[in-house]
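Novice: Submitted below is the structure of interest, expressed as structure tokens.
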Amino acid sequence: MTAGDRPDGAPEKVPNAWLWHRMDRDRAAALWVELAEWVQWLRATYQFTQGHFPACWYRHTAVREELTALMAAHKAAYADDAGPDAYRSDMTAWHTHEFWPLMNRLKSIGNFADCTAEQCHYKPRVVVTVPGLEEYIADDLEDRPERAETSTPPQAVEAADDGVPAQDMEAAITAGLAELVDPQKPYGPARFEDRIWIYDRRAKRYLPQPDSSTDPS
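Residue numbers are given in the UniProt record's numbering: position 89 of the sequence shown equals residue 89, and the series is strictly consecutive.
Structural data, given as structure tokens:
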């Protein structure tokens, strides 16, 4: 689906590639293979025992989430975008700030107490919510103010002496209806509707230039 396929014309939001609860079947299948291979490498490389890193890690949802994040961080730390021979510190940072802290808290978050090398005894708890959540949210929203109206991008600009309010021109630039002559100057001259507009700081408005065919120096 493209932006043109949506009724509101907005671009389709693509779920984050690491969110297990929002993955489709193909993405989940690919990630399971990737994660299982990586965790096997991790356990073998660092020689973790059953007592510290149980073999049934994949049945423990919190552990799976943590290991997925750890794997993604590991791939980022060892990425070769800086060059395969580049000296870097993020590999050490991954061990110090991400890997070992997770290993040290793994047992506490995994609920591995009754698990053995032969059998997993983990039983996920049903997380309940006290009745009344929907009503509480409705009451909370009722007490909040509505969103303030924002200025909409102008679709046309008359060559009026009073110009265009700064917020309208900014909205037009954001919407792609106008562009800065020099992107490095946020309040520099802007090109809009085949004209050049200059920002007047005192009036806080963009004023049209009489000769639109000549860019300002």
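We treat Cβ as the ideally placed atom computed from N, Cα and C, and that holds for glycine.
#1: Do L31 and L67 have their C-beta atoms within less than 9 Å of each other?
#2: Output yes if chain E places a C-beta closer than 9 Å to the C-beta of E193; else output no.
#3: State buried or exposed for D182, treating a residue as buried only when at least 16 other CB atoms are found within 10 Å of its CB.
#4: If L35 and M71 are in contact, beta carbons under 8 Å, what's the gap, nearest whole angstrom?
#5: Where residue 289 and G132 are concerned, what is the direct C-alpha to C-alpha distance, given to the nearest angstrom?
#6: Hey, V164 and R205: beta-carbon distance below 9 Å or not?
#7: With the cut-off set at 9 Å, would you say W197 and P210 are in Cβ contact?
#8: Tell me, to the nearest whole angstrom, how far the beta carbon of E98 is from that of A73; I am working on the premise that it is less than 8 Å.
#9: Could you spell out where the beta strand (DSSP E) holding Y136 opens and where it closes?
#10: Where does E193 fall in DSSP's three states?
#11: Given this structure, state the Cα-to-Cα distance separating H52 from K107, to the nearest angstrom.
#12: Only counting the same chain, and skipping five residues up and downstream in sequence, which positions put a Cβ closer than 7 Å to that of A79?
#13: Please list the terminal residues of the continuous beta strand (DSSP E) segment that includes E179.
#14: H21: buried (16+ other C-beta within 10 angstroms of its C-beta) or exposed?
#15: Could you spell out where the beta strand (DSSP E) holding L102 opens and where it closes?
#16: Which two residues bound the contiguous beta strand (DSSP E) that contains R202?
#17: Would you tell me roughly how many angstroms separate the C-alpha atoms of N16 and A29, rounded to the nearest one?
#18: With a CB to CB cut of under 8 Å and the five nearest residues on each side skipped, what residues in its chain are close to A117?
Specialist: Taking the coordinates as given:
#1: no
#2: Annotation note: the requested chain E is absent from the structure, which comprises a single protein chain.
#3: Classification of D182: exposed, given that the 10 Å Cβ count is below 16.
#4: 6 Å
#5: The requested residue 289 is not part of the displayed model; the chain covers only 1 to 217.
#6: yes
#7: no
#8: 5 Å
#9: It is not in any beta strand (DSSP E) - Y136 instead sits in the alpha helix (DSSP H) that spans 133-142.
#10: E193 falls in the coil class under three-state DSSP.
#11: Going by C-alpha positions, H52 is about 7 Å away from K107.
#12: none
#13: Under the DSSP assignment, E179 falls in the beta strand (DSSP E) whose first and last residues are 178-180.
#14: exposed
#15: Counted as a single uninterrupted DSSP element, the stretch harbouring L102 is not any beta strand (DSSP E) but the alpha helix (DSSP H) occupying residues 100-110.
#16: Here R202 belongs to no beta strand (DSSP E), and DSSP marks it neither H nor E.
#17: 16 Å
#18: Q50, P54, A55
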